[in-house]
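Scroll down for the structure; my scribbles are underneath it.
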Amino acid sequence: MKIIYNIFKSQKMGIIVGFTVTGLLIIGSLIMNYQPNQYIGLSGEDISFFFNHKKPIHLWFYLLFLACILYGINAFLCTLDSIIRKVKRGIKKIPLYGASIVHIGFVITLIAHLIGGLYSTTEPPVSVADAWTDLGGVEMKVTDLKTSSYPNGMPKKITAFVTVRKDGVELSDTLGYNNPVLLKHGILEILMRDYGWIASGVVLKIDDRTCNLKIDEKFNVNNGRISVADLYMPPQYRYPVVKLISTTDKNETQQTFLPIGENNAKEINGSKITFADINSVPGVLVNVKNNPSIPLTFVTIFFFSVGMILVVFRVIGRMVSN
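Each residue of the sequence shown is one higher than the one before, starting from 98 at the first, in the working numbering.
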């Protein structure tokens with residue numbers, strides 16, 4: 098048992114495994130670059146992809162996974178051995194433990210990446226506009242959208258002003274690229290994928306009057322009732338088309354597909370109806386990401402910060418004493 102312990106905590110093993118990890122990362126990068134079709138569906142730090150799609154071409158990753166585990170064990174045992182030696186020697190100067198504390202932070206980082214890679218999930222994209230939209234446990238709506246562009250027309254800064262509601266409590270926040278909305282201490286992230294203007298309703302001219310209507314809204318025409326059933330946008334159709342379902346006083350139902358424009362007006366229930374315009378509101382396309390490793394990330398930051406401060410104090414102490 099002691100022989101195994103000595104092997105796993107040896108500096109030579111750490112060096113060998115470290116170079117192995119570097120080499121496998123290089124090999125993996127080249128394979129992914131020249132065989133991108135084998136990695137369709139892989140995103141972010143989600144390493145569960147490799148376990149759900151077991152293929153010989155992923156051998157480099159399985160070896161890398163094993164090497165990282167050995168690297169973490171080696172770093173932990175080396176750190177533990179260093180702390181035990183210092184305690185046995187009666188070292189009480191706290192700055193001398195700075196490097197060991199940094200190493201503990203490194204080991205926790207490896208564990209956090211493992212948990213995040215195996216258990217983080219990203220939900221399919223959802224469109225969010227001015228109405229409350231359920232994002233799985235929380236609701237969100239967009240209240241405003243501000244954009245700026247470079248002279249060539251490329252987007253410069255995109256800021257969506259949103260309101261998030263959870264358990265009846267509402268809070269205001271901003272959303273942008275590289276600026277997600279963070280909930281549950283960062284475990285839940287709302288990431289922006291795209292932005293723009295989203296159709297929120299239609300403008301219909303019914304004879305001489307104009308009506309602003311939302312999808313699924315109903316209105317009366319003469320002795321019948323008409324419902325705005327759906328709105329189809331390009332590329333589904335060449336032009337925007339609204340689907341109307343009309344019901345007469347005899348409970349007869351009829352579907353009408355009405356393209357936008359005065360020339361496409363149709364008579365429904367005895368009235369001339371024209372699809373005049375589309376009402377739009379600012380909206381965003383978002384992904385909801387759940388990453389359970391975030392709390393460990395905060396722990397890592399704490400250990401790295403404390404360790405580096407102690408290392409700096411130790412260096413300053415040496416400089417002063419010399």
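Ideal Cβ placement from N, Cα and C applies to all residues, glycine included.
DSSP three-state label for residue i, please.
i	result
Tyr329	strand
Asn309	strand
Asn103	helix
Pro153	helix
Gln85	Only positions 98 to 419 of the chain appear in the structure, and residue 85 is not among them; the question remains open.
Pro222	coil
Ala257	strand
Lys347	coil
Leu341	strand
Glu142	coil
Asn275	coil
Ile323	strand
Asn366	coil
Glu314	coil
Asn388	coil
Met98	coil
Ile287	strand
Ser402	helix
Tyr334	coil
Ser217	coil
Report buried or exposed for residue i, applying the criterion of at least 16 other Cβ atoms within 10 angstroms of its Cβ.
i	result
Thr176	buried
Glu149	Per the sequence shown, residue 149 should be read as Asn rather than Glu. So Asn149 counts as exposed.
Pro277	buried
Leu279	exposed
Ile391	buried
Tyr168	buried
Asp143	buried
Gly358	exposed
Val325	buried
Leu161	buried
Phe116	exposed
Ile413	exposed
Glu286	buried
Gly298	buried
Ala164	buried
Thr119	exposed
Pro337	buried
Asn366	buried
Give me whichever residues DSSP pairs with residue i in a beta bridge.
i	result
Pro379	Trp294
Asp374	Val300
Pro252	Ser246
Ser269	Thr260
Thr230	Met237
Leu355	Val339
Leu393	Leu393 pairs with nothing; no bridge assigned.
Leu280	Leu285
Thinking residue i and residue j are a contact (beta carbons under 8 angstroms), I'd like their distance in whole angstroms, please.
i	j	result
Leu174	Tyr102	7 angstroms
Arg290	Pro192	At roughly 46 angstroms, the Cβ-Cβ gap does not stay under 8 angstroms, so Arg290 and Pro192 are not in contact.
Asn387	Thr230	Not a contact, Cβ separation roughly 17 angstroms.
Thr307	Ala373	7 angstroms
Met237	Val259	5 angstroms
Phe105	Ile170	6 angstroms
Val318	Asn309	Their Cβ separation, rounded to whole angstroms, is 16 angstroms, which puts Val318 and Asn309 out of contact at 8 angstroms.
Gly404	Ile198	4 angstroms
Gly195	Arg415	About 12 angstroms separates the two Cβ atoms, so there is no contact after all.
Thr353	Gly321	So it is not a contact: roughly 12 angstroms between Cβ atoms.
Ile312	Ala226	That belief does not hold up - the Cβ atoms of Ile312 and Ala226 are roughly 12 angstroms apart, past 8 angstroms.
Phe400	Gly202	3 angstroms
Exercise. What beta strand (DSSP E) runs, 3 residues minimum, are completely inside the region 144-201?
Worked result: Those beta strand (DSSP E) runs which fall completely within the region 144-201 and span 3+ residues do not exist here.
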